[in-house]
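*Asks:*
Number of protein chains: 2
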Amino acid sequence: MLDITLLGTGGMMPLPRRWVTSLLVRYNGASLLVDCGEGTQIALREKGWSFKPVNTILLTHFHADHIAGLPGFFLTMGNSDRTEPVTVIGPRGLSRIMTAVRTIAPELPFEVNFIEIDGNEQTFLIDGMEITAFRVQHNIVCYAYEISVRRKGRFDAARAKAQEIPLRFWNPLQRGETIEDGARIYTPEMVLGEERKGLKVVYATDTRPVPAIAEHALNADLLVCEGMYGEPGMDKKAREHRHMTMQEAAQIGKDAQPVNMWLTHYSPSLVRPDQYMGSVHAIYPNVIAAKDGQEITLKFEDE
Amino acid sequence: MLDITLLGTGGMMPLPRRWVTSLLVRYNGASLLVDCGEGTQIALREKGWSFKPVNTILLTHFHADHIAGLPGFFLTMGNSDRTEPVTVIGPRGLSRIMTAVRTIAPELPFEVNFIEIDGNEQTFLIDGMEITAFRVQHNIVCYAYEISVRRKGRFDAARAKAQEIPLRFWNPLQRGETIEDGARIYTPEMVLGEERKGLKVVYATDTRPVPAIAEHALNADLLVCEGMYGEPGMDKKAREHRHMTMQEAAQIGKDAQPVNMWLTHYSPSLVRPDQYMGSVHAIYPNVIAAKDGQEITLKFEDE
Numbered sequence: 001m002l003d004i005t006l007l008g009t010g011g012m013m014p015l016p017r018r019w020v021t022s023l024l025v026r027y028n029g030a031s032l033l034v035d036c037g038e039g040t041q042i043a044l045r046e047k048g049w050s051f052k053p054v055n056t057i058l059l060t061h062f063h064a065d066h067i068a069g070l071p072g073f074f075l076t077m078g079n080s081d082r083t084e085p086v087t088v089i090g091p092r093g094l095s096r097i098m099t100a101v102r103t104i105a106p107e108l109p110f111e112v113n114f115i116e117i118d119g120n121e122q123t124f125l126i127d128g129m130e131i132t133a134f135r136v137q138h139n140i141v142c143y144a145y146e147i148s149v150r151r152k153g154r155f156d157a158a159r160a161k162a163q164e165i166p167l168r169f170w171n172p173l174q175r176g177e178t179i180e181d182g183a184r185i186y187t188p189e190m191v192l193g194e195e196r197k198g199l200k201v202v203y204a205t206d207t208r209p210v211p212a213i214a215e216h217a218l219n220a221d222l223l224v225c226e227g228m229y230g231e232p233g234m235d236k237k238a239r240e241h242r243h244m245t246m247q248e249a250a251q252i253g254k255d256a257q258p259v260n261m262w263l264t265h266y267s268p269s270l271v272r273p274d275q276y277m278g279s280v281h282a283i284y285p286n287v288i289a290a291k292d293g294q295e296i297t298l299k300f301e302d303e
Numbered sequence: 304m305l306d307i308t309l310l311g312t313g314g315m316m317p318l319p320r321r322w323v324t325s326l327l328v329r330y331n332g333a334s335l336l337v338d339c340g341e342g343t344q345i346a347l348r349e350k351g352w353s354f355k356p357v358n359t360i361l362l363t364h365f366h367a368d369h370i371a372g373l374p375g376f377f378l379t380m381g382n383s384d385r386t387e388p389v390t391v392i393g394p395r396g397l398s399r400i401m402t403a404v405r406t407i408a409p410e411l412p413f414e415v416n417f418i419e420i421d422g423n424e425q426t427f428l429i430d431g432m433e434i435t436a437f438r439v440q441h442n443i444v445c446y447a448y449e450i451s452v453r454r455k456g457r458f459d460a461a462r463a464k465a466q467e468i469p470l471r472f473w474n475p476l477q478r479g480e481t482i483e484d485g486a487r488i489y490t491p492e493m494v495l496g497e498e499r500k501g502l503k504v505v506y507a508t509d510t511r512p513v514p515a516i517a518e519h520a521l522n523a524d525l526l527v528c529e530g531m532y533g534e535p536g537m538d539k540k541a542r543e544h545r546h547m548t549m550q551e552a553a554q555i556g557k558d559a560q561p562v563n564m565w566l567t568h569y570s571p572s573l574v575r576p577d578q579y580m581g582s583v584h585a586i587y588p589n590v591i592a593a594k595d596g597q598e599i600t601l602k603f604e605d606e
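So the protein lines, in turn, are chains A and B. Sequential numbering of the first sequence, starting at 1, is according to the numbering used here. Sequential numbering of the second sequence, starting at 304, is according to the numbering used here.
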């Protein structure tokens, strides 16, 4: 089960009733935040969720509407009695950004580790989530993220019995451990069925539509994608600013066929994103114009 | 006429219905901001005021709840088409802070100048406002600010006529200029009455109660003062964290006798500041527990 909340839907700047775009992912007691613009800590508090379990923060790029909330977010995490280290992942140059952030928030009761993404694509395994950063196309270096949870095959007790595997090894084998017992070696493959369908979420902003997004989001359970402009005639502006229109986003949806798709990162000039959904649904129907605080619980098929 | 708005009343961190403490002062078309924590730009937008005329930002100290909103505030000022330079005034070390702020907000269409305050007290004349920073007592270097507008004496046409001052010099003399006309020198004192009562606002946070606050706020039109805690028994905590209780603030009011006094910078644990006003009013009656967006227009006596 993955709990997903879109804390805000704004682009460029926070507005009185629209926080900037940021995604919170909860899995198995751990939380992960993607992007942290000004006010993200308030948006999180409005949802009533805890700051303490946020182990990881992924940054798409270094524009202020995606990073300016970090100093306050860290301080509030500190006030929630967190002492375990936090890991920040982001583009090359993160070291310089973190120095700036720590100048504004110098005293924290936990360590802040960071990882600068290497190359066009890199995968991390954190808290049971497989996180893949992949390059997209903005006016500065920018990555989108695929967050996947894999699902092992079902444990087959009959097979375990047939192979005379001692009962005490069943649990560790089920967890994926390999066990050596004297001369015998037991592997998970001996008792687990085929890998079952996992869960996959892709978060893509700020970017032009590039093929990598649809490739990563293929059959995803949720694609969160920017749709900066909705009204007709904004294609040129979208190209110039290296953003995309809602209709361009819908085309990615059509290619990738995600089960759910949320548009976000609306231009401050876009007051009612809903009103352009007709043209969006004509391209791909499974899209909504997400609202601040939009939530979904993604479940494994047999959950 | 001075227009004053307290954009927020929170201390430590912004909350869903409480922005962090920040004061906006408008005088003669120019705006001045004191402190700029996370979300201050949203608070300003809620009030419907313009970002463009903010020429000056005063910082009391470098805790994040007073500075973390600067990158976003600057960017939004940039989006309001401002091209004139902005001046930031704050404690020594401001250069380092501004480097951090400019790392998060690197591209602005205006210059950002800054002045590190020298010594325990320093006065600046900006946009017709006399701004005095004076040292107070927090756990890092911190200044309070007195903002005064002086009021020249009334122009006395009869005296100007009696002294046979040519009519074309009346306006410049009224503005305070000295004029040399051949052998004769005309000075403002020749035509202006005694200096009239001006306007004075003092803003003091975060600090222990120190005599300088009451000295500067003596007979002020408005004293904005922190009152971090209200409930009984918080004196020790206030001393430890170098803050003050509402009752300690009221004692400053009693000493300084400001016409208006606003408490602010409430602890996040202080949900209803109003409920402690009984004990505050017993010490000094002219105090209110300010609310977010609290406003006042201060007028000259003869305005």
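Where is the CB? At the ideal position from N, CA and C, for every residue including glycine.
Do three or more CB pairs link the stretch 500–515 of chain B to the stretch 558–568 of chain B at distances below 8 Å?
*Replies:* Judged by Cβ distances under 8 Å, the stretch 500–515 of chain B makes contact with the stretch 558–568 of chain B, as three or more pairs qualify.
*Asks:* With 7 Å set as the bound, which would you pick, yes or no: does the beta-carbon of Thr-406(B) sit closer than that to a beta-carbon of chain A?
*Replies:* With 7 Å as the cut-off, Thr-406(B) counts as an interface residue toward chain A.
*Asks:* Is there a C-beta anywhere in chain A that falls below 7 Å from the one on Pro-374(B)?
*Replies:* Closer than 7 Å: yes.
*Asks:* Am I right that Phe-427(B) and Met-401(B) are in contact with their C-beta atoms under 8 Å? What's the rounded C-beta distance?
*Replies:* That pair is no contact at about 17 Å.
*Asks:* Where does Val-201(A) fall in DSSP's three states?
*Replies:* DSSP places Val-201(A) in strand when its eight states are reduced to three.
*Asks:* Determine, using beta carbons only, whether Thr-324(B) comes closer than 7 Å to chain A.
*Replies:* Not an interface residue.
*Asks:* Is the stretch 382–392 of chain B in contact with the stretch 405–425 of chain B, if contact means three or more CB pairs nearer than 8 Å?
*Replies:* Touching, per the Cβ criterion.
*Asks:* Using CA atoms only, rank isn't needed, just tell me which of His-138(A), Ser-31(A), Pro-16(A), Trp-170(A) is closest to Thr-5(A).
*Replies:* The residue with the shortest Cα to Cα distance from Thr-5(A) is Ser-31(A).
*Asks:* If the cut is a Cβ gap below 8 Å, which residues of chain B does Arg-96(A) touch?
*Replies:* In chain order: Thr-406.
*Asks:* Taking DSSP's pairing of strands, which residues face Arg-18(A) in a bridge?
*Replies:* Per DSSP, Leu-15(A).
*Asks:* For Arg-385(B), which three-state DSSP category applies?
*Replies:* Correct three-state label for Arg-385(B): coil.
*Asks:* Give a yes or no on whether 7 Å exceeds the smallest Cβ distance from Thr-76(A) to chain B.
*Replies:* Yes - at least one Cβ of chain B is within 7 Å of the one on Thr-76(A).
*Asks:* Indicate the three-state DSSP secondary structure (helix, strand or coil) for Tyr-587(B) in the structure shown.
*Replies:* Looking at Tyr-587(B) - three-state DSSP - the assignment turns out to be coil, as it is neither helix nor strand.
*Asks:* Strictly under 7 Å for the Cβ-Cβ distance: is Arg-45(A) near chain B by that measure?
*Replies:* Interface residue, yes.
*Asks:* How about Glu-449(B): is its C-beta nearer than 7 Å to some C-beta of chain A?
*Replies:* So no, Glu-449(B) is outside the interface.
*Asks:* Taking Cβ-Cβ distances shorter than 8 Å, what residues in chain B pair up with Gln-41(A)?
*Replies:* Within chain B, the residues near Gln-41(A) are Met-316, Pro-317, Glu-341.
*Asks:* Pull up the DSSP beta-bridge partners for Arg-45(A), would you.
*Replies:* None, per the DSSP bridge assignment.
*Asks:* For Ala-403(B), return the contacting residues in chain A, with the cut-off set at a CB-CB distance below 8 Å.
*Replies:* Per Cβ cutoff of 8 Å: Thr-99, Ala-100, Val-101, Thr-103, Ile-104.
*Asks:* According to DSSP, is Leu-470(B) part of a helix, a strand, or is it coil?
*Replies:* In this structure, Leu-470(B) counts as helix in the three-state DSSP scheme.
*Asks:* Can you give me, in chain order, the residues of the stretch 51–68 of chain A that have a beta carbon less than 7 Å from any beta carbon in chain B?
*Replies:* Listed by position along the chain: Ala-64, Ile-67, Ala-68.
*Asks:* Are the stretch 521–536 of chain B and the stretch 458–473 of chain B in contact at 8 Å, needing three or more beta carbon pairs?
*Replies:* Too few Cβ pairs lie closer than 8 Å, so no.
*Asks:* Comparing alpha-carbon positions, which option in Glu-248(A), Trp-19(A), Asn-28(A) lies nearest Gln-41(A)?
*Replies:* The candidate whose alpha carbon is nearest that of Gln-41(A) is Trp-19(A).
*Asks:* Are Tyr-579(B) and Met-537(B) close, meaning C-beta to C-beta below 7 Å?
*Replies:* Going by C-beta atoms, Tyr-579(B) is not nearer than 7 Å to Met-537(B).
*Asks:* Can you have a look at Val-270(B) and say buried or exposed, based on whether 16 or more other CB atoms are within 10 angstroms of its CB?
*Replies:* In the structure displayed, chain B extends from 304 to 606; residue 270(B) sits before or after that span and is not available.
*Asks:* CB-CB under 8 Å to Trp-473(B), same chain, minus the five flanking residues each way: which ones, in chain order?
*Replies:* Cβ neighbours of Trp-473(B) beyond the five flanking positions: Phe-458, Ala-460, Ala-463, Val-494.
*Asks:* Exposed or buried, which one is Met-244(A) when buried takes at least 16 other CB atoms within 10 Å?
*Replies:* Classification for Met-244(A): buried.
*Asks:* Could you tell me whether the stretch 351–366 of chain B touches the stretch 441–452 of chain B, using the rule of 3 or more Cβ pairs below 8 Å?
*Replies:* Yes, since at least three Cβ pairs between the stretch 351–366 of chain B and the stretch 441–452 of chain B fall closer than 8 Å, the two stretches touch.
*Asks:* Could you pull the start and end residues of the alpha helix (DSSP H) that Ser-95(A) belongs to?
*Replies:* Per DSSP, Ser-95(A) belongs to the alpha helix (DSSP H) from 94–104.
*Asks:* Is Thr-312(B) near the ligand ADP, in the sense that its beta carbon is under 6 Å from a heavy atom of that ligand?
*Replies:* No copy of the ligand ADP appears in this structure; indeed no ligand is present at all.
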